[in-house]
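> First to last, the protein sequences are chains L and X. Just so we're aligned, residue 74 is where the first sequence starts under the numbering used here, counting upward by one. Just so we're aligned, residue 74 is where the second sequence starts under the numbering used here, counting upward by one. Yeah, the Cβ is synthetic: ideal placement off N, Cα and C, and Gly gets one too. Owing to the predicted nature of the structure, the values given are computational and were not obtained by experimental measurement.
Number of protein chains: 2
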Amino acid sequence: MALIVQKFGGSSVANAERVFNVAKIITDCYSLGNDVVVVLSAQGDTTDELIEKAHEINPNPSRRELDALMSTGEQISVCLMAMAIERLGFPVVSLTGWQADVRTTSHHSDAKIKKIGLDRLRMELDRRNIVLVTGFQGVNKYGDVTTLGRGGSDTSAVALACALKANLCQIYTDVDGVYTADPRTVPNARKLDQITYGEMLELASLGAKVLHNRSVELAKSYHMELEVLSSFTNKPGTIVKEAVSRMEKTLISGVARDDKIARIALTHLKNEPGVAYRIFSLLAKNHINIDIIIQSIGREDTKDISFTVPLDLKDETVQVLNDAKGALGFERMDVSDTSSKISVVGAGIVNNPGVAAMVFEALYEADININMISTSEIKISVLIDKEDAEKAVRVIHDKFFN
Amino acid sequence: MALIVQKFGGSSVANAERVFNVAKIITDCYSLGNDVVVVLSAQGDTTDELIEKAHEINPNPSRRELDALMSTGEQISVCLMAMAIERLGFPVVSLTGWQADVRTTSHHSDAKIKKIGLDRLRMELDRRNIVLVTGFQGVNKYGDVTTLGRGGSDTSAVALACALKANLCQIYTDVDGVYTADPRTVPNARKLDQITYGEMLELASLGAKVLHNRSVELAKSYHMELEVLSSFTNKPGTIVKEAVSRMEKTLISGVARDDKIARIALTHLKNEPGVAYRIFSLLAKNHINIDIIIQSIGREDTKDISFTVPLDLKDETVQVLNDAKGALGFERMDVSDTSSKISVVGAGIVNNPGVAAMVFEALYEADININMISTSEIKISVLIDKEDAEKAVRVIHDKFFN
């Protein structure tokens, strides 16, 4: 007997038929003698519909009220799932974020989980209830409802698994695991049986929309084993853990593509200490996540700094930087959203200097120009024109897997 | 400066335009220097839509999960209203039942308010926030969400007004006050400026769908002055209070009609003490509200007991009684739902024996047969065939008001 946390995304519970499909997965797991805690997202497009309703009233509502509004989507999901499980004849209880005592920071719409009180959860498990918990939400120290931001349900699930010391955290999605590349554009992409936290982190942050980044970080800190699998097929998925033993000897675990980025370049910055610090601490303070950063010597003893941000933060980033133009001391800001980021991820990259060369070779052979390069111990990312992105993924994938 | 509690029903906040209409009423009241606490129902048909969603999954869900599901309707209302008020530039905060610390009994779908903790509410008022509270819901001692049953938002509003010692509780609806009869069927019906709690109680329980009965009872216990008025017109409504001074000398305050009743007759009961006790304590235990009760001597030293129940409890009542047929000892049960109840209400009835005679005279002149009669100090009710109901209201109203 084990304690298993399962998470199902919005598409897995989008209508009554799918709700029952998921109810079957949950109750099958429970019937094996397991304790089961389930985290659910809002059904289908509910969150978008609620945002639309809000914007009809107020294009710029407070984040506190928006969080309270959005949190109803997951509440509806868990209640309907509880009713489905009741109908199948199993004991079940649904809990909201505050009922499950998911305590978060106060930063509305992007709160972090601080602590999960376990009294209520343990009591319900002791009663042999299947426990359903709303994903994506918690409550701050003032008793206000917070949300964890998009994809936060993954984080809710992993946080619950860690707090409850679960044996496994299963993340059910609409894909049946982690692939070496997007199967829609790379027909010979392979499903991975296992992947390390580090590799998964890179893939998650790179547009391979399988797992939310924060959830993987959390799992890594607590050594919580994750399984990514599909709620539509009945197959084993991909296990995410600390170290993996690969059956095949491959240098990399995947090629990912991210189109939703904007590249921002600040030019003619003073060539003195503290310039980068001022820029990036300002952006961090505004909760803007930076990805690739490149700093280069500019003309006349100045320097240029380029970086990428998520596309939906482009306008906010430009605003924040322009407001501080005097303090930061840049002369020009170039903003572009016509780039894609292609990343190759693999725990073996650090020990195989040849990987980077293989990536560049594949792109050269396909006549694709590289705009920016960034490398880490387990990742090589290049920025290229968006129109070349699909081809780039394919030729890089072929280079490693054929 | 006063503390005013305002309550708006579902039709008053059914769409964005109406939300802003209500936001204007609220902020106008606040701008006069008042502290304002607002209770909202779910928008338009939201509650029905949620019930439909639930029944698609499970025709017989647990009441706990149904309550949790339904409570999202009011949560959406208060968030959207908060956003509208924010847009008008006023300070506002929305609170759910648990955030406003509305503590109830544990009887799901028909919970009673036990206590309202005032810490959060007082804190928000001290900050000069307009405070929006979800109607219809609270939290029980286990931390589970409960609902107060249909029309419970009126009760929420009055309970908050009493707990906060408000100066006035305004119940906004889609009618502009309490009338001497339904203006849709009785063209010369008059709006009352004032009405007593007792009269209002009778009218509320009799299908004059202006105020929820429990809310009036609560207001009566705490001497909380209520005002029933329309959110669509800008006119004074009807004040509900302990004693009223009527400008005109009228014997009664109104004629009401209730079509949603079922009449149940149990025949051949033993003529011994405790029979009625056993029947009605059983029904009370099952939370079935009885209205008119008539007991008559039957044939062969037996007795018959007839009573009316709300139409939507008919099937449940029949089930409960049949399950206890042996213990109760009745021979036959007749169930009919083709009756209407017509009631004449007035604080002066007890001192004017002529009122009953006038009612019977009006019905006699209109050739309408009476099936059951029940009288109290301030009310005379008759059960008649549904097809005669409209005519009956008109002729009785004409008898008193022309």
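Could you check the C-alpha separation between V393 (chain L) and F353 (chain L) for me, to the nearest Å?
So the two alpha carbons sit approximately 11 Å from each other.
> Taking the straight line between their C-alpha atoms, what separation do you get for S150 (chain X) and E122 (chain L)?
14 Å
> Within its chain, find whatever has a CB closer than 8 Å to the CB of L401 (chain L); leave out the 5 residues flanking it on each side and keep chain order.
L339, L342, V348, R351, I352, L355 and L394
> Give a yes or no on whether the C-beta atoms belonging to I457 (chain X) and I422 (chain X) are separated by under 8 Å.
no
> For the structure I just gave you, are there three or more beta carbon pairs, one from the stretch 194 to 206 of chain L and one from the stretch 258 to 269 of chain L, closer than 8 Å?
no
> Note down, in chain order, all residues in the stretch 134 to 155 of chain L with a beta-carbon under 7 Å from any beta-carbon belonging to chain X.
P134, S135, E138, A141, L142, T145, Q148, I149, C152, L153 and A155
> What did DSSP end up calling H180 (chain X) once you bin it into helix, strand or coil?
coil
> So within the stretch 136 to 200 of chain X, which uninterrupted beta strand (DSSP E) runs reach at least 3 residues, ignoring any that extend past its ends?
165 to 168, 175 to 177 and 186 to 189
> Sorted by chain position, which residues of the same chain lie with C-beta nearer than 7 Å to E463 (chain L)'s C-beta, five sequence neighbours on each side aside?
T258
> Suppose you measure from the CA of T228 (chain X) to the CA of L168 (chain L); what does that come to, to the nearest Å?
26 Å
> Name the residue from X:R336, X:K376, X:T219 and X:V417 whose alpha carbon lies nearest to the alpha carbon of D388 (chain X).
Just measuring C-alpha positions, the residue of X:R336, X:K376, X:T219 and X:V417 sitting nearest D388 (chain X) is X:R336.
> Thinking C-beta only, is A173 (chain X) closer than 8 Å to L194 (chain X)?
yes
> Within the continuous beta strand (DSSP E) that includes R405 (chain X), where are the two ends?
Segment R405 to S409, the beta strand (DSSP E) holding R405 (chain X).
> For L191 (chain L) and A236 (chain L), what's the separation of their Cα atoms in angstroms?
Distance between the alpha carbons of L191 (chain L) and A236 (chain L): 8 Å.
> Check each residue of the stretch 211 to 229 of chain L: if its Cβ is closer than 7 Å to any Cβ of chain X, include it; give the result in chain order.
G216
> What are the residues that DSSP puts in a beta bridge with V112 (chain L)?
Bridge partners of V112 (chain L): L:K80 and L:V206.
> By Cβ distance below 8 Å, which residues in the same chain neighbour C102 (chain X) in space, the five residues on each side in sequence not counted?
Once the five neighbours on either side are set aside, the close Cβ partners of C102 (chain X) are I77, Q79 and V109.
> Check distances from the C-beta atoms of the stretch 92 to 120 of chain X to those of chain L and list, in chain order, the residues that come in under 7 Å.
Correct list: V92.
> Is the beta carbon of E147 (chain L) less than 8 Å from the beta carbon of F81 (chain L)?
no
> What is the residue span of the beta strand (DSSP E) that L339 (chain L) lies within?
Unbroken beta strand (DSSP E) run through L339 (chain L): I334 to K343.
> Taking the alpha-carbon positions, what's the F380 (chain X) to L436 (chain X) distance?
22 Å
> Excluding sequence positions up to five away, which residues of its chain have a Cβ less than 8 Å from the Cβ of N107 (chain X)?
M74, A75, L76 and I77
> I need the straight-line Cα distance from V455 (chain X) to M431 (chain X), nearest angstrom please.
13 Å
> Which residues in chain X have a C-beta closer than 7 Å to the C-beta of T129 (chain L)? List them in chain order.
The sequence shown places Glu at residue 129 (chain L), not Thr. The answer, in chain order, is A89.
> I want to verify the contact list: residues of chain L whose CB lies under 8 Å from the CB of K126 (chain X), in sequence order.
I149 and L153
> Roughly how many whole angstroms lie between the Cα atoms of G216 (chain L) and A141 (chain X)?
18 Å
> Give the secondary structure of Y437 (chain X) by DSSP, where H, G and I count as helix, E and B as strand, and everything else as coil.
helix
> Taking Cβ-Cβ distances shorter than 7 Å, what residues in chain X pair up with A157 (chain L)?
I130 and N131
> So with CB distances below 9 Å, who are the chain L contacts of R160 (chain X)?
I130, N131, P132, N133 and P134
> Can you name the residues of chain L whose CB is closer than 9 Å to the CB of R200 (chain X)?
Those do not exist, as R200 (chain X) stays about 12 Å from chain L at its closest Cβ, beyond 9 Å.
> Apart from the five residues just before and just after I325 (chain L), which ones in its own chain have a Cβ nearer than 8 Å to its Cβ?
Around I325 (chain L): T253, V417, V418, G419, G421, I422, V428 and F473.
> Of all the CB atoms in chain L, is at least one closer than 8 Å to the CB of S84 (chain X)?
no
> Per DSSP, R330 (chain L) is paired with what?
L:I415
> If E315 (chain X) and L241 (chain X) are in contact, beta carbons under 8 Å, what's the gap, nearest whole angstrom?
14 Å between Cβ atoms; not a contact.
> In the DSSP output, what is Q368 (chain X) paired with across the bridge?
X:I378
> Counting along the chain, where does the alpha helix (DSSP H) carrying S229 (chain L) start and finish?
G225 to A236
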